[in-house]
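4 protein chains.
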Amino acid sequence: MPATSKVPGYYLQFASDNTAGACPEALAAFNAANAGFISSYGEDEVTRIVCDRLRQLFATDCDVYFVFNGTAANSLALASLCQSYQGVICAETAHVETDECGAPEFFSNGAKLLLARQQDGKMDAANVEHLITRRRDQHYPRPKVLTLTQATELGTLYSLDEIAVLTAIAKRHGLHTHMDGARFANALAALEVSPADMTWRAGIDVLCFGGTKMGLPLGEAVVFFNRALGEDFSWRCKQAGQLASKMRFLSAPWLAMLDDDTWLKHAGHANRLARRLAERLAALPGLACRPAQANSVFVQLPEPAMARLRQTGWVFHTFIGDMARFMCSWATTEAAVDHLAADIAASL
Amino acid sequence: MPATSKVPGYYLQFASDNTAGACPEALAAFNAANAGFISSYGEDEVTRIVCDRLRQLFATDCDVYFVFNGTAANSLALASLCQSYQGVICAETAHVETDECGAPEFFSNGAKLLLARQQDGKMDAANVEHLITRRRDQHYPRPKVLTLTQATELGTLYSLDEIAVLTAIAKRHGLHTHMDGARFANALAALEVSPADMTWRAGIDVLCFGGTKMGLPLGEAVVFFNRALGEDFSWRCKQAGQLASKMRFLSAPWLAMLDDDTWLKHAGHANRLARRLAERLAALPGLACRPAQANSVFVQLPEPAMARLRQTGWVFHTFIGDMARFMCSWATTEAAVDHLAADIAASL
Amino acid sequence: MPATSKVPGYYLQFASDNTAGACPEALAAFNAANAGFISSYGEDEVTRIVCDRLRQLFATDCDVYFVFNGTAANSLALASLCQSYQGVICAETAHVETDECGAPEFFSNGAKLLLARQQDGKMDAANVEHLITRRRDQHYPRPKVLTLTQATELGTLYSLDEIAVLTAIAKRHGLHTHMDGARFANALAALEVSPADMTWRAGIDVLCFGGTKMGLPLGEAVVFFNRALGEDFSWRCKQAGQLASKMRFLSAPWLAMLDDDTWLKHAGHANRLARRLAERLAALPGLACRPAQANSVFVQLPEPAMARLRQTGWVFHTFIGDMARFMCSWATTEAAVDHLAADIAASL
Amino acid sequence: MPATSKVPGYYLQFASDNTAGACPEALAAFNAANAGFISSYGEDEVTRIVCDRLRQLFATDCDVYFVFNGTAANSLALASLCQSYQGVICAETAHVETDECGAPEFFSNGAKLLLARQQDGKMDAANVEHLITRRRDQHYPRPKVLTLTQATELGTLYSLDEIAVLTAIAKRHGLHTHMDGARFANALAALEVSPADMTWRAGIDVLCFGGTKMGLPLGEAVVFFNRALGEDFSWRCKQAGQLASKMRFLSAPWLAMLDDDTWLKHAGHANRLARRLAERLAALPGLACRPAQANSVFVQLPEPAMARLRQTGWVFHTFIGDMARFMCSWATTEAAVDHLAADIAASL
């Protein structure tokens, strides 16, 4: 397979959407940002411009902050929405619950995650309301935040209506709402709706807008649509080790992503390749798959097949929902997808 | 002055050593690291190589971790050295005390900073011992860590003997020792000693080795010479939002810095220009200066002079020790130093 | 029913074992402790004597601390056994998970509770081992503590062998072990074994020995059999608001409880009355009960029956395992049990 | 001196106002509260009545909570007034700074104490304003709370005007105000003003009303005059291990203290005896004393005199302000004061 000899780490590419590097546009902007002397800690022109561009993108006067990674983005956002003795409702499969090593509890100094039942990664609305209302006593953390992930950990999407139903329940009971958008770009590209419609118009107070997985070298944006909730957020970031001194390197690449809808093109590309892979696998007999609505494909492979694939060199994970997961990114190629699909077929 | 029209942000350059961008070597390495697919979260070859190179540099089998910034490096390191009910002894002028917005207290969940008297930024050894021994009751946090900054916030340096005296006091009383090396490169270049001699051989358990100020776009290394103290540190980093998914971008630029002693050349350059500036100012009548031992110059300027300088465009800070501070970096030029010196002379 | 008119709050007595006051022996000791002036913060003779008596009781040189309540006892003990980025394995029905409002997470600054499957309140050993071993990556808190509750929240008991099996699994994987003994006295009285056999000889590192529910006005003892784990615990208590200034009032009543096995007599009394109630209910047709091994009775009552009981005045809870729960204490009388049993029978 | 043989711990009585036990009225109420069964966790009649009585006392509709000790009262109150990245201004001699082992930092998850200059324990208003206004950047915790201690750690009192001046500065800059009233009773008895005038009418948002030092066996009241600031405070208490299950024992004794102004009589007694001691010492040549405005006497004794006093048996502390401190309580007698005064005179 000639491709494999040319691309370093070729067999790692479906392991995660963060095994890819930065996309060319982001990298170019990163380099361009290097010129000259610039005020540190975000007091600079490029950061101001990016924030304005994000406000335009969301068609509202939101507050925007840049932090280093998704763990911090989600955890700091959640910490700003609740007190230590309150609860955060999330899907039992949510990344904040399963893969953050207790980061939300750490940043909030003890807020408890209350786990809602889910189907394909999407919370069950009735169960969410039950979780909110079932206890009012002091021995149980009062639910204060609802967090949903779009696209979900399992590669599925909430429709705008589904988001609105969940946030309406939250608001009716006085909860704030948070969207973990580590793959926000993929979700938006797939649903083909406006950023405003998928967030604040659907009842979201705060969005963590993932940059790393859509092609930045690093960095996420925390966007407060409910600006009161983000008061003093820059102090919170500073204390928590999330205020970059050379902020230009976090902020400038966003400009390149927003120009010409680069971010959506890359996300749409990743989604298309995931769909391509899913279609190939669907053609194989007897393979159960989750719906591939964003940039991941989950498929139930027999153990011997997985062993053969790994022997070939392919790296992939099975710790989420017991299926094998294959992720596509801006860097995935059709040839690689076809190669993988062929190897999976051969492994069966 | 023609230079000013060509360099963006020219007048910002002495405001801090982080108003400069990344040095060319670091940026080139950053770009080179972008190729192909790489395991995330530090499970990659380049990160392994950099760690080995740092072990060679320090001539010992230390543990190395990369985090995003200095706030996090120092705070996480300190948190790993003490419990919440213990105390951290630092100079009353230490960055962890004056400019981290309570980050050490946050990451340690309440460890108290106990302030030692200082002269020109360097702790008084007798006062340190007094702080350690004066109280043993439960109503006062037991001192458990001694942290010293090299080079200090005030641009001075501890000699190797001075470090050894302080760490010996700490060890005699069961304290761990930490070095805030945000400007470690500048200190080393100035003292012309080996990295091992200035750290573990002088009694330091953990070093925060500053990358950003010496020319990286971002990132610091936490180096545990006492490896037992860093057990499980990668879990601590993960929970605290300091584990980069695309780790290559944090680690790879270190290689370029270590090659051919690039880091020391840049640091030596910054030190030389600071000395040049200090010498120019010393020639002016009636200006009190701190000793300029690393890459900063502190000078007592009359208010009207400072106002005139600022009117000219120069940006500088006075919040540390009430003097005007001018920082040099890898990007500072002789011409800029001479320009600034002339403007200061004219302002008087 | 004449009894009801004489005892204030008569119908509240089965709601919990903390609706009773202090037993006469504890109260007498509390009053006796009031005489004269005594060193504060536990530096007094009576506290020293109680600690010695507890060491005799456990037949080992353990460290003993007194704190105000069970929330603090368990949370501080757990915090001393793990770091913020580690995990605590407990039954999914454990009090620390269901009724402490996030206290363990708060005191530990984020340690995550990892929920083991249980049957009648007792953890499944195979599932515990699975929880310990299933993940080793940095994105998941490393299990570091196993906590079991004796007697359990559901009124059942671990046998000595069952405890030993669980602690052996924990020790094999490097976990520390903690026993939530809010109803330690009831468990011990029921099993008729020695305090040493049910704790350190069965592999327990730290015990939270409940005082309030066995008849003290307030206060619990934290007992470190593994003394290294309790190093500096008094500083931890102080910082966390759990160091009583007039410590005599927390410690002295323990002496009265230990004299003549008063604590075991009261606990045995409560257990006997629970068994009596369980036997009465077992005689009624069609009522499902949990095993009543300590001082609580859980019974599945039809909604209309519960409504009738509540109309009569009886207070009881159903939030634990969906059954009605009736607790007995040192203050419960046979007449009250018979009265309740008769009312339950009539309600059906 | 015959008295000494009759009272246990006689020589400990001036060491602190918490070496005394509970006053007879509080103890009687504690015993009376033991009868019958009572709803736990504060859902009881006696607790409701005490809260109402405290509202009457303060002549306003405040919220009242009972916690176990002063460390917790102050720390939880402060935590409810600020976020982790904010600052709490206190006197450099304040108990929260000097003797709480980092408890405010722990409960607030890192809020920094900002130390105001003081004279005889009272903050300098100009310095307070300077502390509030000197920095606005993200690298420094934003001051959000002003806490003052009445009576101060050094036995002095703020006048109502002095309190009003400080709280006005705080309010002008958006800070909340907290009074550490560990010796609130002594202050009120000395100033002979109304509880309302010394608190909310003077601009105080939250008061920690000390119970232990005025004669309770244990327990403090946290009083929110600004009720919005105490929203959900009972959840905060629960999570922090400060919700008593048998609450009656914390609340009921307050009733006895409030009846017939028992609390003020005891506090006035302690103040009078302190004044008596101060007057005796003033008559001795060459002894410097602080103003003895509440229930403590601070006197500068020569080392040999202190040694002789200690040899006689007297226990006293010198760690606050380098003077010897003698505390009077409800239990101190005139004879004991005269005895101590004579021994001090003889020691010189």
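Residue numbers (this note's numbering), protein chains in the order written: chain Y, 1 to 348; chain F, 1001 to 1348; chain A, 2001 to 2348; chain X, 3001 to 3348. Every residue, glycine too, gets a C-beta built ideally from N, C-alpha and C. Small disclaimer: the values here were computed from a predicted structure and weren't measured.
Is residue i helix, strand or coil when you go by DSSP?
| i | result |
| --- | --- |
| T3262/X | helix |
| C1090/F | strand |
| N18/Y | coil |
| A2292/A | coil |
| M2247/A | coil |
| T2060/A | coil |
| T318/Y | coil |
| L1166/F | helix |
| M2123/A | strand |
| C2237/A | helix |
| H1176/F | strand |
| L76/Y | helix |
| T2156/A | coil |
| R3053/X | helix |
| F184/Y | helix |
| R3117/X | coil |
| P3195/X | helix |
| R142/Y | strand |
| E2129/A | helix |
CA-CA distance, residue i and residue j?
| i | j | result |
| --- | --- | --- |
| L114/Y | P141/Y | 9 angstroms |
| G3230/X | A2335/A | 44 angstroms |
| C289/Y | L340/Y | 16 angstroms |
| P2302/A | L191/Y | 49 angstroms |
| C101/Y | N2109/A | 12 angstroms |
| F3058/X | S3251/X | 17 angstroms |
| L2131/A | D1124/F | 50 angstroms |
| A2345/A | W2314/A | 14 angstroms |
| P2/Y | Y11/Y | Residue confidence is low: P2/Y scores 47 on pLDDT, short of 50, so the model does not pin down where it sits. Its coordinate-derived value is still stated next. Cα to Cα, P2/Y sits roughly 13 angstroms from Y11/Y. |
| T3071/X | E3153/X | 14 angstroms |
| M3198/X | D1161/F | 56 angstroms |
Just the chain F side, please: which residues come within less than 8 angstroms of residue i by C-beta, in chain order?
| i | result |
| --- | --- |
| S2084/A | N1109, R1236, Q1239 |
For residue i, collect the residues of the same chain with a Cβ closer than 8 angstroms to its Cβ; drop the 5 residues on either side in sequence, then sort them by chain order.
| i | result |
| --- | --- |
| L255/Y | A29, V46, I49, V50, R53 |
| N3127/X | A3116, R3117 |
| W2263/A | A2185, M2214, G2215, M2257 |
| T1353/F | Residue 1353/F lies beyond the stretch modelled for chain F, which goes from 1001 to 1348, so this question has no answer here. |
Hey, could you find the ends of the alpha helix (DSSP H) residue i is sitting in?
| i | result |
| --- | --- |
| F2106/A | 2103 to 2108 |
| M2306/A | 2303 to 2312 |
Cutting at 6 angstroms between CB atoms, please list the residues of its own chain near residue i, excluding the five before and the five after it.
| i | result |
| --- | --- |
| A3077/X | H3178, V3206, C3208, V3222 |
| D2063/A | F2224, R2227, G2230 |
| A1189/F | L1264, A1267, G1268, N1271 |
So which residues on chain F does residue i lean against when the C-beta distance must stay under 7 angstroms?
| i | result |
| --- | --- |
| D2052/A | Under the 7 angstroms cutoff, chain F gives no residues; its nearest Cβ is about 20 angstroms from D2052/A. |
Taking residue i as the query, report the chain X residues whose CB atoms sit under 9 angstroms from its CB, ordered along the chain.
| i | result |
| --- | --- |
| F1249/F | Near F1249/F there are no residues of chain X at all, since even the closest Cβ is about 25 angstroms away, more than 9 angstroms. |
Could you name the residues of the same chain whose beta carbon sits closer than 7 angstroms to that of residue i, not counting the 5 residues immediately before and after it, in chain order?
| i | result |
| --- | --- |
| D44/Y | I38, M247, R248 |
| T312/Y | D343 |
| A196/Y | F58, A59, T60 |
Can you tell me where the beta strand (DSSP E) with residue i in it begins and where it stops?
| i | result |
| --- | --- |
| M2323/A | From DSSP, M2323/A is part of no beta strand (DSSP E); its letter is neither H nor E. |
| F2209/A | 2206 to 2210 |
For residue i, return the contacting residues in chain Y, with the cut-off set at a CB-CB distance below 7 angstroms.
| i | result |
| --- | --- |
| P2141/A | C101, G102 |
What does residue i reach in chain Y if we use C-beta pairs closer than 8 angstroms?
| i | result |
| --- | --- |
| Q3118/X | Those within 8 angstroms of Q3118/X in chain Y number zero; the least Cβ separation is about 27 angstroms. |
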